[in-house]
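Engineer: These protein sequences, in sequence, are chains W and U. Start counting the first sequence at 3; every next residue gets the next number (this note's numbering). Start counting the second sequence at 205; every next residue gets the next number (this note's numbering). Got a structure for you, questions after.
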Amino acid sequence: MHPVLFTVLQRLGLGLLTLFIVSIIIFSSIALLPGDFGQQVLGQAALPETVEAFRRELGLDKPAWIRYLDWIAAVLQGDLGNSFSGRASSGSDASRSVWELLAPRLSNTLFLAGFTAMIAVPLSLFLGITAALKRNSVYDRTVNAVTLTTISFPEFFLAYLLIVVLAGIFPTLSNVTPDMSLGDRILKIALPSLTMTLVIVAHMMRMTRAALINLLASPYIEMAQLKGASRAKVIMKHALPNAWAPIATVIAFNLAYLVVGVVVVEVVFVYPGIGQLMVDSVSSRDIPVAQACALIFAATYILLNLMADVIGIVTNPRLLHPR
Amino acid sequence: MTEEPQTYSAAGEVGQVRMRRSYGERVWIALKKAPISAWFGMIVIAFYAFVAIFGPFLAPYGEAEVFAKADEPWTVFGGDPAHFFGTDQIGRDVLTRLIYGARNTIGIALVTTLLSFLIGGSLGLVAAINRSWLDQILSRGVDVLMSIPSLIFALMLLSIFGSSIPSLVMIIAILDSTRVFRLTRSVAANVVVMDYVEAARLRGEGIGWIMRKEILPNIMPPLVAEFGLRFSFVFLTIASLSFLGLGIQPPTADWGSMVRDGSRFIQFVAYDWTLALPSLLPAGAVALLTVAVNFVVDWFLHKTSGLRDDH
């Protein structure tokens, strides 16, 4: 077997294993709940029979590993269970399925994250590469100082600063609805995506710069310069092939970061996304919804990091042409 | 009459004028060479520390003291001169809340970071020395924990254990200790193979001695820098969680929840920008401290190694 294929398969296997363990961790969170939360969810007035029925619905009368298998099988078929909210102590059950709550918000979040990535990735790669090429120049130092500052700002501070500066131009509430046109939607998410762009660009630009500087310091680049290759050729032919791996890692890492950063920004701008749903479900202790959100966030994060790994392997010249 | 020996030694010559600098002098020389950004950072950190420690003496009123008029603007914008930064939504003095907030937010972040270094650092050292099944188990476990974004993990755990300060500290400390573990293990792994560690082991020192006396002093600089970075990260995480309403709970004053409380009028900022001030003020306090810590860490890393993994 080709060594690249082998390594890629190995990484994929490892990724699947990680997902499996993460799903166990997320699942076992429900087992860690203190005391009898059937009573808590349904209220003090709930009849013992109602509580019993609720416990049976959650499968609390079965051993943990059977519950896990049931749960994971249902999740793989797209059934994330029912929310805890909407259950009355009388036993009437008006709870909605988690997927019903999740689906519209998931697409909103993906829209926001995707739009931000489309702006942030090219911008930060450009800034990072130019800063690395003009290392220690005034330009490099300025970009560095600015990004170091924005990195250290909490997202909500950046968000409120932007609101103060740009409130007259862009709407400060990002309450998108499904029947809005694309233009309206983009206008609504201008401020949240700008906030995230600032954070992401800072991270990504610094990492790109560091990766490239590392590379440009290596002896074979010096050799290429000494033998008289043009600047463009040194970059395109010698530096870039080895730079793809770190750059891909940087991009995937930051997209993964985007997934997390979205939580705070969504809350600031009241954007109906999955991050806000998770915060709401955590504060009302709606465990099935929180679990589903955590699972989606974790899976996205793991898959993106896995993708970065695979791209790094596939584009690595040393692995592609083994001696 | 005995002949003076006519040999010349450069070391002797230098030795006559050489004087050993005391620790304080060396620190002072290093500080004099520090760039402006580092100085700025250190002054800001000192100021915050002062406010945090002497908070109760500096604050004009009590932590949760309620006054008659709520949502008073700043004095400079026509508010009551008794409340410099105005009052919040139930009439508590904002300046007082800010000062007490420094104490609570910084204190909790500091305790959390210390705890995470205690856990992550000692496990990392053990893993680096042990290098057997224990190392494998710990490293794989940390890999799994790190594959879940820490804010999401913290949110999920908080949904289970509820938002009390002890559970907040424990959850974030454990999640954050994974990073400390990785760093400590990788730095310590280079030191463990040194001859003097081998010698210590051969003369029968226990694992505790080797950790504290042989390895720890040699990996201090990266750990100290990491402490700064982790502190600002933990500080931001706690502030974010409080901002989301899941961290430090009222009536304890804290910057994250002050930002949240202040943001009620945020959609009217387009008409009156001073409405953003109640959330900008605590958010700015958080931002200033993290910027200051980052500046100092940046300088420290440059000074001690010149190496830095940038992110």
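Where a beta carbon is used, it is the ideal one built from N, C-alpha and C, also for glycine.
Assign lysine 190 of chain W to buried or exposed, taking buried as 16 or more other Cβ atoms, counted over all protein chains shown, within 10 Å of its Cβ.
Structural biologist: Taking the first sequence and counting its residues from 1, one reaches residue 190 of chain W at position 188. The residue in question, lysine 190 of chain W, is buried, as its Cβ has 16 or more Cβ neighbours within 10 Å.
Engineer: Quick test of the definition: if touching needs 3 or more C-beta pairs under 8 Å, does the stretch 500–509 of chain U touch the stretch 302–320 of chain U?
Structural biologist: No, the stretch 500–509 of chain U does not touch the stretch 302–320 of chain U.
Engineer: If you count every other CB in all the chains shown that lies within 10 Å of the CB of tyrosine 475 of chain U, and 16 or more means buried, which is it?
Structural biologist: The residue you call residue 475 of chain U lines up with position 271 of the second sequence. Per the 10 Å Cβ criterion, exposed.
Engineer: Can you pull the DSSP bridge partners for serine 99 of chain W?
Structural biologist: Here residue 99 of chain W refers to the residue found at position 97 when the first sequence is read from its first residue. In DSSP, serine 99 of chain W forms a bridge with W/Asn84.
Engineer: Here's the rule: buried if 16 or more other CB atoms are within 10 angstroms of the residue's CB, otherwise exposed. What is histidine 240 of chain W?
Structural biologist: Walking along the first sequence from the start, residue 240 of chain W turns up at place 238. So histidine 240 of chain W ends up on the buried side.
Engineer: Would glutamine 12 of chain W pass as an interface residue toward chain U - the criterion being a Cβ-Cβ separation below 9 Å?
Structural biologist: Position 10 of the first sequence, counting from 1, holds the residue named residue 12 of chain W. No, glutamine 12 of chain W lies away from the interface with chain U (no Cβ there is under 9 Å from its Cβ).
Engineer: Spatial neighbours of arginine 461 of chain U within its chain, please: C-beta separation below 6 Å, excluding the five flanking residues on both sides.
Structural biologist: Stepping through the second sequence from its first residue, residue 461 of chain U is reached at position 257. It is worth fixing the name first, because residue 461 of chain U is serine in this sequence and not arginine. Hits under 6 Å: Ser446.
Engineer: Could you tell me whether the Cβ atoms of threonine 494 of chain U and serine 99 of chain W are closer together than 9 Å?
Structural biologist: Position 290 of the second sequence, counted from the start, is the residue given in the question as residue 494 of chain U. Position 97 of the first sequence, counted from the start, is the residue given in the question as residue 99 of chain W. No, the Cβ-Cβ distance between threonine 494 of chain U and serine 99 of chain W is not below 9 Å.
Engineer: Taking the alpha-carbon of proline 180 of chain W as reference, which of W/Phe159, W/Arg107 and W/Thr210 has the nearest alpha-carbon?
Structural biologist: To locate residue 180 of chain W, count along the first sequence from 1; it is residue 178. Here the closest residue by C-alpha is W/Arg107.
Engineer: Which class does arginine 468 of chain U belong to by DSSP, given the choice of helix, strand or coil?
Structural biologist: Position 264 of the second sequence holds residue 468 of chain U. Arginine 468 of chain U: helix per DSSP, three-state reduction.
Engineer: Between the C-alpha atoms of methionine 206 of chain W and arginine 468 of chain U, what's the straight-line distance to the nearest angstrom?
Structural biologist: Your numbering for residue 206 of chain W matches position 204 in the first sequence. Your numbering for residue 468 of chain U matches position 264 in the second sequence. Approximately 33 Å between the Cα atoms of the pair.
Engineer: For glutamine 528 of chain U, decide whether its Cβ has a neighbour in chain W, counting only Cβ atoms nearer than 9 Å.
Structural biologist: Coverage of chain U is limited to positions 205 through 515, which leaves residue 528 of chain U absent and any answer about it impossible.
Engineer: Is there at least one Cβ from chain W nearer than 9 Å to leucine 253 of chain U's Cβ?
Structural biologist: Looking up residue 253 of chain U in the second sequence gives position 49. The sequence shown places alanine at residue 253 of chain U, not leucine. Chain W, which has no Cβ nearer than 9 Å to the Cβ of alanine 253 of chain U, makes this no.
Engineer: Is it buried or exposed for tyrosine 400 of chain U, if we count other Cβ within 10 angstroms and need 16 for buried?
Structural biologist: For the purposes of this step, residue 400 of chain U is taken as residue 196 along the second sequence, with counting starting at 1. When all chains shown are included, tyrosine 400 of chain U counts as exposed.
Engineer: Measure the C-alpha to C-alpha separation of leucine 168 of chain W and arginine 389 of chain U and round it to an integer number of angstroms.
Structural biologist: Here residue 168 of chain W refers to the residue found at position 166 when the first sequence is read from its first residue. Here residue 389 of chain U refers to the residue found at position 185 when the second sequence is read from its first residue. So the alpha carbons of these two residues sit roughly 46 Å apart.
Engineer: What residues of chain U sit near valine 269 of chain W, judged by a beta carbon separation below 7 Å?
Structural biologist: Along the first sequence, read from residue 1 onward, the residue named residue 269 of chain W stands at position 267. What valine 269 of chain W touches in chain U: Leu448.
Engineer: Kindly give me the distance between the Cβ atoms of leucine 306 of chain W and alanine 254 of chain W, rounded to whole angstroms, as I take these residues to be in contact under 8 Å.
Structural biologist: Sequence index remark: in the first sequence, residue 306 of chain W carries index 304 (1-based). Sequence index remark: in the first sequence, residue 254 of chain W carries index 252 (1-based). That pair is a contact at about 5 Å.
Engineer: Given a cut-off of 9 Å, decide if glycine 488 of chain U and arginine 464 of chain U are closer than it, judged by their beta-carbon atoms.
Structural biologist: Position 260 of the second sequence, counted from the first residue, corresponds to residue 464 of chain U. Position 284 of the second sequence, counted from the first residue, corresponds to residue 488 of chain U. No, Cβ-Cβ distance for arginine 464 of chain U and glycine 488 of chain U is not below 9 Å.
Engineer: Enumerated in chain order, which unbroken segments of the alpha helix (DSSP H) with a length of 4 residues or greater are wholly contained in the stretch 206–253 of chain W?
Structural biologist: List check, alpha helix (DSSP H) in window: 221–228.
Engineer: Per DSSP, which one or two residues make a beta bridge with arginine 296 of chain U?
Structural biologist: For this step, residue 296 of chain U is matched to residue 92 along the second sequence. In the DSSP output, where bridge partners are listed per residue, arginine 296 of chain U has U/Val270.
Engineer: Can you check whether the CB of glutamate 157 of chain W is closer than 9 Å to the CB of glycine 277 of chain W?
Structural biologist: Within the first sequence, numbered from 1, the residue matching residue 277 of chain W stands at position 275. Within the first sequence, numbered from 1, the residue matching residue 157 of chain W stands at position 155. In this structure, glutamate 157 of chain W does not lie closer than 9 Å to glycine 277 of chain W by Cβ.
Engineer: Under 9 Å, Cβ to Cβ, is there at least one residue of chain W near isoleucine 356 of chain U?
Structural biologist: One-based indexing of the second sequence puts residue 356 of chain U at position 152. Closer than 9 Å to some Cβ of chain W, the Cβ of isoleucine 356 of chain U qualifies, so yes.
Engineer: I'd like to know if alanine 487 of chain U contacts chain W, where contact means its C-beta is closer than 9 Å to some C-beta of that chain.
Structural biologist: Position 283 of the second sequence, counted from the start, is the residue given in the question as residue 487 of chain U. For alanine 487 of chain U, the answer is yes, since a Cβ of chain W falls inside 9 Å of its Cβ.
Engineer: Should the stretch 116–126 of chain W be regarded as contacting the stretch 433–444 of chain U, the criterion being three or more beta carbon pairs within less than 8 Å?
Structural biologist: Because the criterion of three Cβ pairs below 8 Å is not met, the stretch 116–126 of chain W and the stretch 433–444 of chain U do not touch.
Engineer: Counting only C-beta atoms, is alanine 147 of chain W closer than 9 Å to chain U at any point?
Structural biologist: Numbered from its first residue, the first sequence carries residue 147 of chain W at position 145. For alanine 147 of chain W, the answer is yes, since a Cβ of chain U falls inside 9 Å of its Cβ.
Engineer: Using a C-beta cutoff of 9 Å, does valine 312 of chain W count as contacting chain U?
Structural biologist: On the first sequence, residue 312 of chain W is found 310 positions in, with the first residue counted as 1. No, valine 312 of chain W does not count as interfacial toward chain U.
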